[in-house]
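*Asks:* In numbering that gives the first Met the number 0, the protein residues as written are 0 to 300.
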Amino acid sequence: MASVNGATWIGSVSILLWGTLALLTKLSGGEIPEFQLMAMTFGIAFVLMCVRWFRAGHAGVKYLRQSPLAWAIGVVGLFGYHFAYFKAMTLAPAVEVSLLAYLWPLLIVLLSALLPGESLRAQHIIGALLALAGCWLLIGKNADGFVWANLPGYLVALLCALIWSCYSVLSRLVRSVPTDAVGWFCGVTAILALICHLLWEQTVWPQELVQWVGVIGLGLGPVGIAFFTWDYGVKHGNIQLLGTLAYGAPLISVILLILAGYGEATVAVIGASILIVIGSLVASRARNGPGATPHAKKPQS
Numbered sequence: 000m001a002s003v004n005g006a007t008w009i010g011s012v013s014i015l016l017w018g019t020l021a022l023l024t025k026l027s028g029g030e031i032p033e034f035q036l037m038a039m040t041f042g043i044a045f046v047l048m049c050v051r052w053f054r055a056g057h058a059g060v061k062y063l064r065q066s067p068l069a070w071a072i073g074v075v076g077l078f079g080y081h082f083a084y085f086k087a088m089t090l091a092p093a094v095e096v097s098l099l100a101y102l103w104p105l106l107i108v109l110l111s112a113l114l115p116g117e118s119l120r121a122q123h124i125i126g127a128l129l130a131l132a133g134c135w136l137l138i139g140k141n142a143d144g145f146v147w148a149n150l151p152g153y154l155v156a157l158l159c160a161l162i163w164s165c166y167s168v169l170s171r172l173v174r175s176v177p178t179d180a181v182g183w184f185c186g187v188t189a190i191l192a193l194i195c196h197l198l199w200e201q202t203v204w205p206q207e208l209v210q211w212v213g214v215i216g217l218g219l220g221p222v223g224i225a226f227f228t229w230d231y232g233v234k235h236g237n238i239q240l241l242g243t244l245a246y247g248a249p250l251i252s253v254i255l256l257i258l259a260g261y262g263e264a265t266v267a268v269i270g271a272s273i274l275i276v277i278g279s280l281v282a283s284r285a286r287n288g289p290g291a292t293p294h295a296k297k298p299q300s
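The following block contains the structure:
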């Protein structure tokens, strides 16, 4: 049980880091094309893992030898989600896309019941729904409403949610794959993003030091360490609780933007905070199912 709780805590670090995404993106200036920024930040994430390998005395080549399933889950999850998200943003308003894309934590909670040895309890569903309501209240206050003309964008946004939830849940099926392998998945994602950038975008480099701080911060945190800790958390921790806690990321984002002077506290923010906290508490009170028992095989990191 201690190992499961520890992995859950490690996974929750990702949520805290994803909460800095909006502020760091703001610092980066918001003028760098999406795929260029994606290539830069995932490239930094790969370099970050290379530093880990260097300190361990090897080049990480041994982590390249993974099954086709592990490679498919890793690359489709990381690159596929971001590609679909950026595409959805071109087809529908950003607020509505965000509302639909943020169904992924709820889908994680629901889909996790299909995993061997896992069980889904009422508290997990209730907690996730309460947190979802808080998330929608937080993001949806500026929504213009859903319209049929934007249906293609809505469908692609739903695909985002499905891709990331499937990536998180299916990672449990390849839990023997060490988290170091995610470094290579990030490297491939950076290359694919660079190809998309060269095909469809004009290069725009950061012009000021603060913009470079934002880009490097994204690569080290929300796009770097966050994906490594999330991988470990969903493979070895309480995946239902992590799914519910993930709704705290947009709340953290708004709070940081308010503290940095980019936003203001409103009734919607306070209400969303209450719903997300209550939802997380309800989910955390659920008794662990069979899948929460310690694994006989020690997880690799």
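For each residue, glycine too, the CB sits at the ideal point set by N, CA and C.
(1) Just curious, the alpha helix (DSSP H) that GLY213 is in, first and last residue?
(2) Give me the Cα-Cα distance between GLY10 and LEU241, rounded to the nearest whole angstrom.
(3) CA-CA distance, ALA160 and LEU99?
(4) State buried or exposed for ILE14, treating a residue as buried only when at least 16 other CB atoms are found within 10 Å of its CB.
(5) With a cut-off of 8 angstroms on the beta carbons, I'd call VAL233 and SER167 a contact; round off their distance for me.
(6) Could you check what DSSP says for VAL176 in three-state terms: helix, strand or coil?
(7) Quick test of your reading: LEU23 and PRO221, contact by CB under 8 angstroms. State the CB separation rounded to the nearest angstrom.
(8) Between the C-alpha atoms of GLY5 and ASN149, what's the straight-line distance to the nearest angstrom?
(9) Three-state secondary structure (DSSP) at TYR84?
(10) Could you spell out the range, first to last residue, of the alpha helix (DSSP H) harbouring TRP103?
(11) Answer with buried or exposed for PRO92, where buried requires no fewer than 16 other C-beta atoms within 10 angstroms of its C-beta.
(12) On the CB-based measure, 16 or more other CB atoms within 10 Å of its CB, does HIS57 come out buried or exposed?
*Replies:* Here's the rundown:
(1) Within the sequence shown, numbered from 1, the residue matching residue 213 stands at position 214. Per DSSP, the unbroken alpha helix (DSSP H) holding GLY213 starts and ends at 208-219.
(2) As a first step, residue 10 must be located in the sequence shown, where it is residue number 11. As a first step, residue 241 must be located in the sequence shown, where it is residue number 242. Approximately 7 angstroms, taken between the alpha carbons.
(3) Against the sequence shown, residue 160 aligns to sequence position 161. Against the sequence shown, residue 99 aligns to sequence position 100. Looking at the two C-alpha atoms, the distance is approximately 7 angstroms.
(4) Taking the first residue of the sequence shown as 1, we reach residue 14 at position 15. With 16 or more Cβ atoms within 10 Å of its Cβ, ILE14 is classed as buried.
(5) Residue 233 sits at position 234 when you count from the first residue of the sequence shown. Residue 167 sits at position 168 when you count from the first residue of the sequence shown. Going by Cβ atoms, the distance from VAL233 to SER167 rounds to 5 angstroms, so yes, they are a contact pair.
(6) Taking the first residue of the sequence shown as 1, we reach residue 176 at position 177. Three-state result, VAL176: coil.
(7) Mapped onto the sequence shown, residue 23 falls at position 24. Mapped onto the sequence shown, residue 221 falls at position 222. Rounded, the Cβ-Cβ distance is 7 angstroms, consistent with contact.
(8) What you label residue 5 is simply residue 6 of the sequence shown in a count that begins at 1. What you label residue 149 is simply residue 150 of the sequence shown in a count that begins at 1. Taking the straight line from one Cα to the other gives about 42 angstroms.
(9) In the sequence shown, residue 84 corresponds to position 85, counting from 1. If DSSP states are grouped into helix, strand and coil, TYR84 belongs with the helices.
(10) One-based indexing of the sequence shown puts residue 103 at position 104. That run of the alpha helix (DSSP H) goes 103-110.
(11) One-based indexing of the sequence shown puts residue 92 at position 93. The residue in question, PRO92, is buried, as its Cβ has 16 or more Cβ neighbours within 10 Å.
(12) Numbered from 1 along the sequence shown, position 58 holds the residue referred to as residue 57. The residue is exposed, with fewer than 16 neighbouring Cβ atoms inside 10 Å.
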